Ligand code: G4P
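In our numbering, the protein residues as written are 1 to 291.
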């Protein structure tokens, strides 16, 4: 993929440094780290530093937005994390699907040792504290709201805890530490930025909308041709460029401007919106074996 057109992205290194410091400063207060990833882009939406920043704390990966990701791919990613010794689960924090297994998995698997130790010391009821991390838009607030439900309450400030973070108390002796700040993935590889722009995790202005949609269509034609057939009645041919595909979509949708030309900008906006909202089907942008 030629990504030379991608504009430089401002990753706010100051914010990143502050977030790193916050994670490090608070990691000793929690029993485990919950890392939310986008199931459509598990690698691109993750930060490779997380493991070192969280200092060997037990970790659970939540592949969120599984409702719009390819189910087979999500299972392949779960296997990928399991092989690395990390527990991973598919969840949909919008509907709440998969979340009822979350706390049992934390207690019986991720924190098994700790729970056994506590039991042996007669402390089974002690609070479990979890740090929640993830890039913006990945669904952290949706997750916390789902878990806390209507009972969501802020926990009072504790000594040693900076004011900028927030503890959320659940009913069952569990507290979530909602980490503020931003920790973007590494962007040496520009296809990471591209995938995050496809899902809308970062602003589309890293590329013009039409170029972004053309690149997405090209990917879909190669990997999910049926999605184009079903949604737009577009038969992708091997020689089709992104522009040809975008024009085909525009033509099928009757998006014309005066003079019989196709309104490729409108078509691009439609493709991106429909992809992001799952109308093109369940699609994953990166597979473990390809990465
Ligand atoms: P953040 O705190 O990590 O920044 O993310 P937040 O929960 O605000 O979620 C960002 C967007 O992702 C929201 O959409 C939210 O509804 C959506 N989302 C969260 N979890 C899921 C999921 O499992 N599946 C799907 N399909 N979407 C999810 P939005 O358009 O910004 O808001 P809204 O219109 O849905 O309220």
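No residue lacks a Cβ here, since even glycine has one placed at the ideal position from N, Cα and C.
Note that the structure is predicted; figures quoted are calculated from it, not measured.
Give me the DSSP bridge partner(s) of residue i.
i           : result
residue 306 : A query on residue 306 cannot be resolved here, the shown segment of the chain reaching from 1 to 291 and no further.
residue 261 : 257
residue 108 : DSSP, once it has assigned bridges, lists no residue as partnering residue 108.
residue 64  : 38
residue 87  : 60
residue 32  : 130
residue 92  : 97
What I want to know is whether the C-beta of residue i ends up closer than 6 Å to one or more non-hydrogen atoms of the ligand G4P.
i           : result
residue 136 : yes
residue 64  : yes
residue 140 : yes
residue 67  : yes
residue 292 : A question about residue 292 goes unanswered here, because the residues of the chain that appear run from 1 up to 291.
Taking residue i as the reference, which of the options has the closest Cα?
i           : options               : result
residue 270 : 254, 25, 89 and 58    : 254
residue 26  : 81, 167 and 147       : 167
residue 230 : 239, 238 and 220      : 220
residue 19  : 50, 40 and 41         : 50
residue 223 : 186, 283 and 41       : 283
residue 273 : 285, 233 and 213      : 213
residue 143 : 123, 58, 98 and 182   : 98
residue 217 : 250, 181 and 60       : 250
residue 264 : 186, 210 and 124      : 210
residue 244 : 185, 61, 267 and 170  : 267
residue 286 : 196, 127, 128 and 103 : 196
residue 101 : 191, 62 and 128       : 62
residue 22  : 288, 192 and 183      : 183
residue 148 : 128, 172 and 126      : 172
residue 234 : 17, 259, 248 and 240  : 248
residue 127 : 112, 170, 94 and 93   : 170
residue 78  : 60, 237 and 93        : 60
residue 93  : 207, 74, 76 and 64    : 64
residue 288 : 80, 16, 15 and 58     : 80
residue 17  : 256, 125 and 185      : 185
residue 58  : 112, 74 and 121       : 112
residue 15  : 238, 181 and 262      : 181
On the premise that residue j lies in contact with residue i, defined as a C-beta separation below 8 Å, what is that separation, rounded to the nearest angstrom?
i           : j           : result
residue 96  : residue 146 : 5 Å
residue 252 : residue 232 : 5 Å
residue 236 : residue 228 : 6 Å
Closer than 6 Å to a non-hydrogen atom of the ligand NAP - does that hold for the CB of residue i?
i          : result
residue 66 : In terms of ligand content, the structure shown lacks the ligand NAP and carries the ligand G4P instead.
Would you be able to state if there are at least three C-beta pairs under 8 Å between the region 194 to 213 and the region 39 to 49? Taking 8 Å as the limit for Cβ pairs, the verdict is that the region 194 to 213 does touch the region 39 to 49.
Tell me, please, whether the region 33 to 42 touches the region 126 to 143 by the rule of three or more beta-carbon pairs shorter than 8 Å. Counting Cβ pairs under 8 Å, three or more are found: they touch.
Stretch pair the region 86 to 96 + the region 113 to 126: three plus CB contacts closer than 8 Å: Contact fails: fewer than three Cβ-Cβ distances are below 8 Å.
Is it the case that the region 278 to 285 contacts the region 65 to 78, given that we only count it when at least three CB pairs across the two stretches are under 8 Å? Here the region 65 to 78 makes contact with the region 278 to 285; the two share three or more CB pairs at distances below 8 Å.
Touching by the beta-carbon criterion (3+ pairs, under 8 Å), the region 165 to 183 and the region 126 to 134: A contact exists between the region 165 to 183 and the region 126 to 134.
Quick test of the definition: if touching needs 3 or more C-beta pairs under 8 Å, does the region 98 to 115 touch the region 11 to 27? Proximity of the region 98 to 115 to the region 11 to 27 falls short of the contact definition, fewer than three beta-carbon pairs being nearer than 8 Å.
Stretch-stretch touch, CB-based, cutoff 8 Å, three pairs: the region 53 to 62 with the region 19 to 33: By the criterion of at least three beta-carbon pairs nearer than 8 Å, the region 53 to 62 is in contact with the region 19 to 33.
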